[in-house]
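To keep things clear, I will list the structure first and then write my remarks on it.
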Amino acid sequence: MALESRHKPLTMQGALAKLRDSSVVIDRRGGLREDEEKRAAEAFSLLEHGGPEPGSKGEKNRKKYFKFLKKVNELSGRSMVALSAAALGLYAVSNMKERLRLDLPYEIDRIKEELVNPTLRDLYDTYPRVPVQANSPPHQSQSAVQQSDKQVTDTPNLTSLNMSQHGSAHVPAQKHLQSVSLNLQLRDLVAFLQRYQESNQQLQMECPFFGDPLPFIQFRLGQHADHQAKLEFSQPLATLFIQYIMNRGEE
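Heads up: the sequence shown runs through residues 1 to 251, numbered per the UniProt record's numbering.
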């Protein structure tokens, strides 16, 4: 019976119920399970590469999944891509009836306010929507990073980085493959910002009075919409920083 249920295509009602239930569980847990994180990472990778590699295993189903994720990303953003991957995944989406697969992204967008939660928002919606490489062959490897003093060009994927020691920065071995911890010095961050951005760029700091969310500064490096950074401050540090800026203005 369980096997029959697994292979039975989802209905719209069933798909939305799974999304709602997963959203609640993810928020109460405070994050995705390891297997859900893996599915979300695979979904973002599929979007970033513009679809599956031609001739790869499962290409037909992955193409269906890619088109679905692309529309979800366009309509509702990263948090709903992650939720769809965690709650539904490749198998369920690719085995849907075509009309359901076409309609579901619009239904997700229609009830997005029911599905999004602080956990998903903090994990995914603080960043821009995934840039989809629709105009280049997905099987091509990423071009080498061309750097100039004041402009950022192509960005390498984290999974493609050589995890070895480089200068003063060292990436230690990780137990989980879904994230990377980077040891660096404050001067590395300052040097990076100075290299890629004019120092007189106008910024704005958002400071909620009660620290929910935390005070933050968000800005973009260069002309690329997907090269954004967000610096968060505790309430005491934000107060200290504001006093520092005000005192400098009086000098």
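Think of the CB as a built atom: it goes at the ideal place given N, C-alpha and C, for glycine as much as any other residue.
Legend entry - Lys-67: first and last residue of the uninterrupted beta strand (DSSP E) it sits in: Locating residue 67 in the sequence shown gives position 67, counting from the first residue. Premise fails: Lys-67 lies in the alpha helix (DSSP H), 59 to 76, not in any beta strand (DSSP E).
Legend entry - Pairwise C-alpha distance: Leu-115 and Ala-40: Translated into positions along the sequence shown, residue 40 becomes position 40. Translated into positions along the sequence shown, residue 115 becomes position 115. Whole-angstrom Cα-Cα distance: 16 Å.
Legend entry - Cβ-based neighbour list, Asp-27, same chain, cut-off 8 Å, excluding 5 preceding and 5 following: Translated into the one-based positions of the sequence shown, residue 27 becomes position 27. Asn-117, Pro-118, Thr-119 and Leu-120, listed in sequence order.
Inset, instruction - Just confirm the distance between the C-beta atoms of Leu-83 and Ser-23, as a whole number of angstroms; I'd bet it's less than 8 Å. - result: Along the sequence shown, read from residue 1 onward, the residue named residue 83 stands at position 83. Along the sequence shown, read from residue 1 onward, the residue named residue 23 stands at position 23. Right, the Cβ-Cβ distance comes to about 6 Å (below 8 Å), so this counts as a contact.
Legend entry - Backbone secondary structure at Glu-206 - three-state DSSP: By 1-based counting over the sequence shown, the position of residue 206 is 206. Assignment of Glu-206 by DSSP, reduced to helix, strand and coil, places it in the strand class.
Legend entry - 8 Å Cβ cutoff met for Pro-9 and Lys-97: Working through the sequence shown from its first residue, we reach residue 9 at position 9. Working through the sequence shown from its first residue, we reach residue 97 at position 97. Judged by their CB atoms, Pro-9 and Lys-97 are nearer to each other than the 8 Å cut-off.
Legend entry - Glu-232 and Phe-216 closer than 8 Å at C-beta: As a working note, residue 232 is residue 232 in the sequence shown. As a working note, residue 216 is residue 216 in the sequence shown. Going by C-beta atoms, Glu-232 is nearer than 8 Å to Phe-216.
Inset, instruction - State the CB to CB distance for the pair Ile-108 and Met-80, rounded to an integer number of angstroms; the pair is presumed to be in contact (CB under 8 Å). - result: As a first step, residue 108 must be located in the sequence shown, where it is residue number 108. As a first step, residue 80 must be located in the sequence shown, where it is residue number 80. Between Ile-108 and Met-80 the beta-carbon gap is near 5 Å, inside 8 Å, which marks them as a contact.
Inset, instruction - Along the beta strand (DSSP E) that carries Glu-53, what are the first and last residues, could you check? - result: Locating residue 53 in the sequence shown gives position 53, where the first residue counts as 1. DSSP places Glu-53 in no beta strand (DSSP E); its state is neither H nor E.
Inset, instruction - State the Cα-Cα distance for the pair Asn-135 and Gln-235, rounded to the nearest angstrom. - result: Taking the first residue of the sequence shown as position 1, residue 135 is located at position 135. Taking the first residue of the sequence shown as position 1, residue 235 is located at position 235. The predicted position of Asn-135 is uncertain, since its pLDDT is 41 and thus under 50; a value taken from the coordinates is nonetheless stated next. Straight across, the Cα-Cα distance linking Asn-135 with Gln-235 is about 44 Å.
Inset, instruction - With DSSP as the reference, label Ile-108 as helix, strand or coil. - result: As a working mapping, residue 108 is identified with position 108 in the sequence shown. Collapsing the DSSP output to three states places Ile-108 in a helix.
Inset, instruction - Take Thr-11 as the anchor and find which of Lys-71, Arg-99, Asp-21 and Ser-45 has the nearest alpha-carbon. - result: Locating residue 11 in the sequence shown gives position 11, where the first residue counts as 1. Among Lys-71, Arg-99, Asp-21 and Ser-45, the Cα nearest to that of Thr-11 belongs to Arg-99.
Legend entry - DSSP bridge partner residues for Phe-241 (one or two, in chain order): By one-based count along the sequence shown, residue 241 stands at place 241. Beta-bridge pairing links Phe-241 to no other residue.
Legend entry - Chain-order list of residues whose beta-carbon lies under 6 Å from that of Met-205 (same chain, five-residue window excluded): For this step, residue 205 is matched to residue 205 along the sequence shown. Sequence-distant Cβ neighbours of Met-205 in its own chain, meaning closer than 6 Å and more than five residues away, are Ile-217.
Inset, instruction - Compare the beta carbon distance of Leu-47 and Ala-86 with 8 Å and say whether it is the shorter of the two. - result: Start at 1 with the first residue of the sequence shown, and residue 47 comes out as number 47. Start at 1 with the first residue of the sequence shown, and residue 86 comes out as number 86. Contact: no.
Legend entry - Endpoints, beta strand (DSSP E) assigned at Gln-228: Looking up residue 228 in the sequence shown gives position 228. It spans 228 to 232 - the beta strand (DSSP E) in which Gln-228 sits, taken as one unbroken run.
Inset, instruction - Could you check which residue in His-227, Asn-183, Ala-238 and Phe-192 has the C-alpha nearest to that of Pro-208? - result: Along the sequence shown, read from residue 1 onward, the residue named residue 208 stands at position 208. For the residues His-227, Asn-183, Ala-238 and Phe-192, the minimum Cα distance to Pro-208 belongs to Ala-238.
Inset, instruction - Decide if Gly-51 is buried, meaning its Cβ has at least 16 other Cβ atoms within 10 Å, or exposed. - result: For the purposes of this step, residue 51 is taken as residue 51 along the sequence shown, with counting starting at 1. Classification for Gly-51: buried.
Inset, instruction - Answer yes or no: do Tyr-106 and Leu-75 have a C-beta to C-beta separation smaller than 8 Å? - result: Residue 106 sits at position 106 when you count from the first residue of the sequence shown. Residue 75 sits at position 75 when you count from the first residue of the sequence shown. Yes.
Legend entry - Coarse secondary structure for Gln-185, derived from DSSP in three states: Within the sequence shown, numbered from 1, the residue matching residue 185 stands at position 185. Three-state DSSP puts Gln-185 in coil, outside helix and strand.
Inset, instruction - Can you say whether Asn-73 is buried or exposed, counting buried as having 16 or more other CB atoms within 10 angstroms of its CB? - result: Here residue 73 refers to the residue found at position 73 when the sequence shown is read from its first residue. So Asn-73 counts as buried.
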